[in-house]
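Per the working numbering, the very first residue in the sequence shown carries number -11; after that it's consecutive.
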Amino acid sequence: MIGNHEKPTKRPKGGERPFPWPCRHCGKLEVVMGVARYDAEIQHDGRIHSFTIPELHLPICRACGEKVFTEKMDGQIGAALRAHLHLLSPKEIRAGLERLNMTQEEAADRLGIAEATLSHWLTDTQLQSRALDNLLRVFFAIPEVRAVLHGEPRPAA
Ligand SMILES: [Zn+2]
């Protein structure tokens, strides 16, 4: 590594400070990484979904039990929501594209979605709606569906 990329004027982000952290609730220096059961209520597709994540990894105060929520939990919660809703995972979507030997651009075009949207699903930054998950499933499984969905006519190059 060359150079020092640390910016001493900026506070490090929540999840990157070394443990233990001081507890906001009791003030003790007892916050360390732990595991807790978490009852999630998350809005997706215009509905509130309630489900339990049996093992959420998060910082917890050893003294008073206060839980600290950081952005790092978003991935765990998103994955749990996807499993709860039985939505295709990024890995499954990627495998579907590879099986069809189809680029993201072509698939997005045929599905009638923005390439950025497909990219968000593949990088796990957004969860697809149930309706679009259904569309992906039939698109990957049924050749006739793909034949019907030609996509927008492309301008001649
Ligand atoms: Zn505490």
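Even for Gly, the Cβ is constructed at its ideal location relative to N, Cα and C.
Every value quoted in this text rests on a predicted model; they were computed, and no experiment measured them.
When the options are compared against residue i, the one with the closest alpha-carbon
{"i": "R70", "options": "E4, R98, V56 and H37", "result": "H37"}
{"i": "V19", "options": "L110, E54 and G84", "result": "E54"}
{"i": "A129", "options": "G139, I81 and Q92", "result": "I81"}
{"i": "H146", "options": "Y26, C49, L137 and F39", "result": "Since the first and last residues shown for the chain are -11 and 145, residue 146 lies out of range."}
{"i": "F57", "options": "P131, A104 and M21", "result": "M21"}
{"i": "L17", "options": "Q114, T111, F7 and T113", "result": "F7"}
{"i": "R25", "options": "P42, V136 and H32", "result": "P42"}
{"i": "S107", "options": "D27, P78 and H32", "result": "P78"}
{"i": "D97", "options": "Q31, H13 and H138", "result": "H138"}
{"i": "V23", "options": "M61, A119 and R118", "result": "M61"}
{"i": "D121", "options": "R5, D33 and H45", "result": "D33"}
Cα-Cα separation, residue i to residue j
{"i": "A95", "j": "E59", "result": "31 Å"}
{"i": "G63", "j": "R134", "result": "31 Å"}
{"i": "V126", "j": "R87", "result": "14 Å"}
{"i": "R35", "j": "Q92", "result": "29 Å"}
{"i": "G15", "j": "C49", "result": "10 Å"}
{"i": "V101", "j": "E132", "result": "The sequence given here has Ile at residue 101, not Val. Distance between the alpha carbons of I101 and E132: 19 Å."}
{"i": "M90", "j": "G84", "result": "9 Å"}
{"i": "A28", "j": "G66", "result": "10 Å"}
{"i": "Q116", "j": "V136", "result": "22 Å"}
Integer-rounded CB distance, given that residue j should sit under 8 Å from residue i
{"i": "C200", "j": "A51", "result": "This structure cannot speak to residue 200, because the chain is shown only from -11 to 145."}
{"i": "L123", "j": "L99", "result": "6 Å"}
{"i": "P47", "j": "W9", "result": "6 Å"}
Task: Nearest-residue set for ligand 1, Cβ under 5 Å from any heavy atom - done: C11, H13, C14, C49, A51, C52 and E54
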